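Here is the structure we will look at, set down as structure tokens.
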Amino acid sequence: MKLRFLSLALTLMLIFACTIPAIANAAEPPCFTVLVNNAPDDLQISLIPSYELCTSFVGDGIPLLKSERGWESYFRCTYNDNGHPLDKEDIANALLIAKSDSEDISLTLSLPSDLPQRYNNIFTLNLDNGTLTDSYSPRRDILLIGMRVGITLVVETAILFFAFGYREKRTWLVFLIANLATQTLLNLVLTGDIPPLGYWQFAYYGGELLIFITEAFVFARYFREHTKKRAVLGAVVANTVSLITGALLLTNLPV
Numbered sequence: 002m003k004l005r006f007l008s009l010a011l012t013l014m015l016i017f018a019c020t021i022p023a024i025a026n027a028a029e030p031p032c033f034t035v036l037v038n039n040a041p042d043d044l045q046i047s048l049i050p051s052y053e054l055c056t057s058f059v060g061d062g063i064p065l066l067k068s069e070r071g072w073e074s075y076f077r078c079t080y081n082d083n084g085h086p087l088d089k090e091d092i093a094n095a096l097l098i099a100k101s102d103s104e105d106i107s108l109t110l111s112l113p114s115d116l117p118q119r120y121n122n123i124f125t126l127n128l129d130n131g132t133l134t135d136s137y138s139p140r141r142d143i144l145l146i147g148m149r150v151g152i153t154l155v156v157e158t159a160i161l162f163f164a165f166g167y168r169e170k171r172t173w174l175v176f177l178i179a180n181l182a183t184q185t186l187l188n189l190v191l192t193g194d195i196p197p198l199g200y201w202q203f204a205y206y207g208g209e210l211l212i213f214i215t216e217a218f219v220f221a222r223y224f225r226e227h228t229k230k231r232a233v234l235g236a237v238v239a240n241t242v243s244l245i246t247g248a249l250l251l252t253n254l255p256v
């Protein structure tokens, strides 16, 4: 007993003696993002904070960081991480300037006065009428969820049909119910994020792991055409290909 206690004490001393300082990831800093559909390649959006508006000369402002996914462009302003630290007053009374020489666009837009009270903010800029709205379009969510779920169903159907030989109506009914439930729930969790600005990978891969387990169990229990081993293998293979396909979609298309 004394020997075990001594060994434990020495182990703990060694652990604490070898510790080193470490810095872990934290939540991303407060920001706002301007979403633009089918934006011209040369579209630029800049923030003119209040301290520039109060001077007689207004420069070009602070350019928002631009990224693109599919037909959507994202212009992001992080309050404390863009080389120009901004306080609440600078943001509350700021203006946005959107310019494009190729499309002859020159817009001056006001930001909501309560913007600094919120953590993350996503706006949609309509270039046709020059308006900035603080809301998502329900059609956008329906389109993106339907697109991702549809592609998933096509990929997994092809694998189970051609590679594993499933043909019966009962099999496809079980498959459809299981996939619509699991994939819709996963995509509802992901919808509304703006990659690569958010940490969508954690939700995606964690959700896919649960889907692997759920569908393997459901297929083994309710598929009747072949053995349970083939059903589990089919679930694993189909979901592996689906996971890779989904990751490529999430990396290159809007979420």
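Counting in the numbering used here, the sequence shown runs from 2 upward without gaps. Here a beta-carbon is modelled for each residue, glycine too, at the ideal position from N, C-alpha and C. Treat the numbers as computed from the prediction; the structure is a model and nothing was measured.
{"Query": "The region 202–217 touching the region 232–244, judged by at least three CB pairs closer than 8 Å", "Result": "yes"}
{"Query": "Alpha helix (DSSP H) segment containing I212, residue limits", "Result": "201–223"}
{"Query": "Neighbourhood of T1 by C-beta, 7 Å cutoff - its chain only, sequence neighbours within 5 removed", "Result": "Since the displayed the chain opens at 2 and closes at 256, residue 1 lies outside it and no answer follows."}
{"Query": "Alpha carbon of L154 to alpha carbon of L174, nearest angstrom", "Result": "12 Å"}
{"Query": "Which listed residue (A93, A248, L251, Y206) has its alpha carbon closest to that of L112", "Result": "A93"}
{"Query": "Pair within 8 Å by beta-carbon distance, L126 and V256", "Result": "no"}
{"Query": "Beta-carbon proximity of A99 to L44, cut-off 8 Å", "Result": "yes"}
{"Query": "C-beta atoms of E209 and L244 nearer than 8 Å", "Result": "yes"}
{"Query": "Where the alpha helix (DSSP H) containing E69 begins and where it ends", "Result": "Counting along the chain, E69 falls outside any alpha helix (DSSP H), though it belongs to the beta strand (DSSP E) covering 66–70."}
{"Query": "D135 versus E104 - alpha carbon distance", "Result": "24 Å"}
{"Query": "Minimum C-alpha distance to A40 - residue among P64, F76, P50", "Result": "F76"}
{"Query": "DSSP three-state assignment for N130, whether helix, strand or coil", "Result": "coil"}
{"Query": "Option nearest I46 by Cα separation, candidates I106, G207, A159", "Result": "I106"}
{"Query": "Local conformation of E73 per DSSP, three classes", "Result": "strand"}
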